[in-house]
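Structure first, commentary second.
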Amino acid sequence: GSRLRPVTANRPKPMAPVCNEPIMEHIVRHLARAGITDVIATVFYLAEEIEGYFGDGSDFGVNITYTHETTPLGTAGAVKQAEDQLSDGTFVIVSGDALTDVDLEKAIAFHKEKKSLATLILYRVKSPLDFGVVITDADGRVSRFLEKPSWSEVFSDTVNTGMYILEPEIFKFMEPGKNYDWSGDIFPQLLDQGLPMYGYVMEEYWADIGSLTQYREAHEDMLAGRVNLPIQGRHSETGVYISPNCSIDETAEIIPPVCVGRNTKIKRGARIGPYAVIGENSFIEEGAVINRSVIWDSCYIGPKVIANAAVVCSRTTIKRDCILREDSVIGDRCLIDAGSTVRPRVKIWPDKVVERGSIVTMSLIWGNKWRGTLFRDLGVAGLSNIEITPDFACRLGSAFGSLFPSGCRIVTSRDSTKSSRMIKRALISSLLSVGCQVLDMRSAALPVARHFIRHSGVTAAMHVRKLPGNARVTLIEMMDEDGAYLSRKLERKVESAFFREDFKRADSEEIGAMEFVSRAVEEYQADFFRHLQLVPKRRLKVVCDYGYSALGSSYPAMLERMGVESISLNSFSDARRAPRTEIEIENHVRNMAQIVGRLGYDMGVLFTEEGERLTIVDNLGERIEGNTLLAALGSLYAEMRPGSRIVLGATTPVRLERALIEHGATVIRAKSGVRELMSTALTADANLAGDERGGFIFPVLHPGFDAPFGFGILVSLLQKSGLSLTDITRNVPSFCISSTQAPVSWEEKGKVMRTLAEEHLTDGQIEMQEGLKWVKGTGWVLILPDDIEPVIHIYSEAETQEESDDLVEEMLHRIIEILGRAS
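Residues in the sequence shown are numbered from 28 upward in steps of one, following this note's numbering.
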């Protein structure tokens, strides 16, 4: 099967599926229907794959025995090994790697009628160059044949299919253990000696499947009804074959003919067909388009993926917005990351990873093109139960736990989704296996978990949740003894142990034990009120939307203690329903604003990302978020607590920094990113750190974002000042900021940054603390390459929004020019 690689890289050609059944299974079942039930399989390459699948043949209505070649013996020499089992009468040879519905009963009747020693089953093809050409006389007797002729040698369009009907006397022309070929060695002898050798020209279907294009076209022939072989699944009159336990959304468009294997799920808006085959246990996401393509078993096809006349082998993951062009082939267990394009006729061998945003223009055989990074911005992330699976979690937990001494204590926690529970349990098992003691918090809000980690004297922690902004992705966060993210140095050690599978294993007497944490919430509440410095002077009325987080079970009572009258929305824990996308958050905010307005309450608050971030509406129903919320809380904090040290990120507006300084704060700038903000807040002994997404850090409590404490601080400051939130935001400056991103491949990122730096190096206005930052009059523009994505981010601030937009557009066009010149 070398011509079918990478399809046959991990399997013999007879096991390549056509319409979700191996080619050889189609043949074996066809033999059984013809009354041929004693089958001998001659096997060599990956023989265990064939034997393991077919066994003794009883599941397929036949009796199968096997003969093994220790060295290749040729098409005839391999059959010679089974002479003892074939000596009692006429036998048939059928290729296990060609697709056919030949009428064997008619062919055998022809053979017996002619009293032939050897009958070749022939087929007429348009191009005979890749086959053995055969000429027969009017009676059907073979008069001449030639293997794989050139066009100058072609004397017929009738070719040898590799299927023969033979008598046992044929074995007299061979010696045991020697290499013989039917067409090259045996049949020429019969022709020379004038022995009866006939050709039977079949009228049914036959395909050698000698190329990847022919492999895909064989599926089309099956679906079009050109092959008289059954296809798995319930057959509708329109040519749609659906196997049991499939889930197809009613909005998905199925364009016949189509074949879908069992346990496959097709989500809303997907378009399948025509001539599409999808294997078993596959998952087709929303808006995916699969046209004239073959998708094997256990594949994940992400949202808005387009597969046009492509072949995707088993257990491969194609992430969102990828495009697979005509005749592209993706091998087993590959990962094609988001936004990638595989050009026509490109072949990707098994176990390769294509980075997101790549354009693959040549076949990928050696190496793997993966950057080899396990960690992303916040931790280890991947598609739930596709990339982040229990076996993956076991390896990760073992790698993590192996860094620490036996007997150390590790905290585990999670959100309330089923996938997070599953993954956390796998992590716990692996941590116990390397000798760690596990303190399990079960489902816990992340601020509560970080607080417990910091104050319980543990060694490290692992938290499992859905990735903020994407409910399909599982995020595993690893934290140190303070509840902060692991250092990059420790992450590299985890990564190295994970890829090398360098795990320690505890002695059976030293396997770790697990216990449940019981008073984490009470300890968090005690510290919460100790640091809040609460002196209520007036009672505020607040609508609280808990976003289905674990906060809903404890925070209402805490608000009452703060002197807040509250109404709770979505206060039960159900992370599946938590608002993550901007549209979902907007719907929650709009609903909350309406309730605030109708009841005349002072404000409303929405908690998101497991209690890490918040969005607020004032008494007028206006949404307060981002830099405006950061400015309002920061200014009030600085004014009410003089001498405060406040940490801001690299992209925070200069106007906001000036406003905080005017209110008496000392401002410290951190690099961009969550972990940089956290680490700077800790090392700078800050009182407060915040970002433009509603995240607030109070290092006195713990090192992470804490929306409940941030809102508690806001409530206490408003109570002390006697001001309303509207009074505060009215005095907050307007921010004229813009941002965009330019798609830049990994290979071109360095060139773009170097070119931009060289162009501005002498003007004295460039800063290189992080990325490249230029001061442009009263504004600035920052160019920042992304660590994870193949993009470069562009941020700007100016006196007016128009000027800020112009700065971003100017830099975007310059990057596009550089890329054009580079190409």
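By construction, the Cβ of each residue, glycine as well, lies at the ideal position given by its N, Cα and C atoms.
Please report the residue range of the beta strand (DSSP E) in which residue i lies.
| i | result |
| --- | --- |
| His490 | Ala487 to Leu494 |
| Ile673 | Arg672 to Leu675 |
| Val475 | Segment Leu473 to His482 is the alpha helix (DSSP H) holding Val475; no beta strand (DSSP E) there. |
| Ala334 | Ile333 to Asn335 |
| His820 | Val818 to Glu824 |
| Gly6 | Absent from the model: residue 6. The displayed extent of the chain is 28 to 850, so no value can be given. |
| Ser643 | It should be pointed out that residue 643 corresponds to Ile in this sequence rather than to Ser. Residues Arg640 to Val644. |
| Gln464 | Gln464 to Ser470 |
| Glu703 | Here Glu703 belongs to no beta strand (DSSP E); instead the alpha helix (DSSP H) covers Val701 to Thr710. |
| Gln768 | Ile764 to Pro770 |
| Gly739 | Looking at the DSSP string, Gly739 is not in any beta strand (DSSP E); the run it does join, the alpha helix (DSSP H), is Ala734 to Ser748. |
| Gly167 | Per DSSP, Gly167 belongs to no beta strand (DSSP E) and is neither H nor E. |
| Lys568 | Leu567 to Asp572 |
Could you tell me the alpha carbon to alpha carbon distance between residue i and residue j, rounded to whole angstroms?
| i | j | result |
| --- | --- | --- |
| Met449 | Thr805 | 53 Å |
| Val461 | Ala533 | 5 Å |
| Pro760 | Thr679 | 13 Å |
| Gly221 | Val186 | 21 Å |
| Arg295 | Gly306 | 18 Å |
| Gln259 | Gly300 | 17 Å |
| Tyr664 | Lys292 | 51 Å |
| Gly316 | Pro377 | The sequence shown places Val at residue 316, not Gly. Each residue's Cα considered, the two are about 23 Å apart. |
| Phe182 | Met224 | Its pLDDT being 42, under 50, Phe182 is placed unreliably by the model, and the measurement read from it follows with that caveat. If you take the alpha carbons of Phe182 and Met224, they lie about 19 Å apart. |
| Glu689 | Gly670 | 11 Å |
| Gly399 | Tyr327 | Residue confidence for Gly399 is low, a pLDDT of 47 falling below 50, so the modelled location carries little weight and cannot support an answer. |
| Phe71 | Val152 | 29 Å |
| Leu809 | Leu494 | 27 Å |
| Gln796 | Leu513 | 22 Å |
| Leu144 | Asn90 | 26 Å |
| Asp507 | Gly798 | 28 Å |
| Thr655 | Phe762 | 8 Å |
| Arg261 | Asp65 | 30 Å |
| Arg566 | Val591 | 6 Å |
| Phe723 | Arg492 | 20 Å |
| Phe214 | Ile357 | 40 Å |
| Val55 | Ser210 | 24 Å |
| Met42 | Met51 | 6 Å |
| Lys396 | Arg372 | Low confidence applies here, because Lys396 scores a pLDDT of 46, under 50, leaving its location unreliable and the question unanswered by this model. |
| Ala245 | Glu78 | 24 Å |
| Asp111 | Val119 | 15 Å |
| Val616 | Ser831 | 28 Å |
Pick helix, strand or coil for residue i, following the three-state DSSP scheme.
| i | result |
| --- | --- |
| Ala109 | coil |
| Val802 | strand |
| Ser385 | coil |
| Ile450 | helix |
| Met585 | helix |
| Leu513 | coil |
| Val544 | coil |
| Ala849 | Only weak support is given to the placement of Ala849: the predicted model assigns it a pLDDT of 47, under 50, and the question is left unresolved by the model. |
| Val34 | coil |
| Val521 | helix |
| Val808 | strand |
| Tyr551 | helix |
Starting from residue i, follow the alpha helix (DSSP H) in both directions and report where the run begins and ends.
| i | result |
| --- | --- |
| Arg757 | Leu752 to Arg757 |
| Asn654 | Gly653 to Met667 |
| Cys421 | Pro417 to Gly428 |
| Ala686 | Val681 to Glu689 |
Is the stretch 733 to 750 touching the stretch 695 to 703, taking contact as three or more C-beta pairs under 8 Å? no
Three or more C-beta pairs closer than 8 Å, one from the stretch 613 to 622 and one from the stretch 637 to 650: is that the case here? yes
Three or more beta-carbon pairs under 8 Å between the stretch 196 to 213 and the stretch 97 to 110, yes or no? yes
Tell me, please, whether the stretch 359 to 369 touches the stretch 335 to 346 by the rule of three or more beta-carbon pairs shorter than 8 Å. yes
Start-end ranges of the beta strand (DSSP E) lying completely within the stretch 224 to 289, minimum 3 residues: 224 to 228, 267 to 269 and 285 to 287
Entirely within the stretch 122 to 156 and at least 3 residues each: give me those beta strand (DSSP E) ranges in chain order. 145 to 151
Which runs of the beta strand (DSSP E) at least 3 residues long sit entirely within the stretch 51 to 91? Give them in chain order. 65 to 70
Can you check the stretch 578 to 626 for any alpha helix (DSSP H) of at least 4 residues that lies completely inside it and give the ranges in chain order? 582 to 588 and 609 to 626
Tell me, please, whether the stretch 471 to 478 touches the stretch 538 to 556 by the rule of three or more beta-carbon pairs shorter than 8 Å. yes
Quick test of the definition: if touching needs 3 or more C-beta pairs under 8 Å, does the stretch 566 to 576 touch the stretch 602 to 611? yes
Tell me, please, whether the stretch 702 to 712 touches the stretch 639 to 646 by the rule of three or more beta-carbon pairs shorter than 8 Å. no
Minimum length 3: unbroken beta strand (DSSP E) runs contained in the stretch 282 to 330: 285 to 287, 303 to 305 and 316 to 318
Determine contact between the stretch 815 to 832 and the stretch 765 to 779, defined as no fewer than three beta-carbon pairs at a distance below 8 Å. yes
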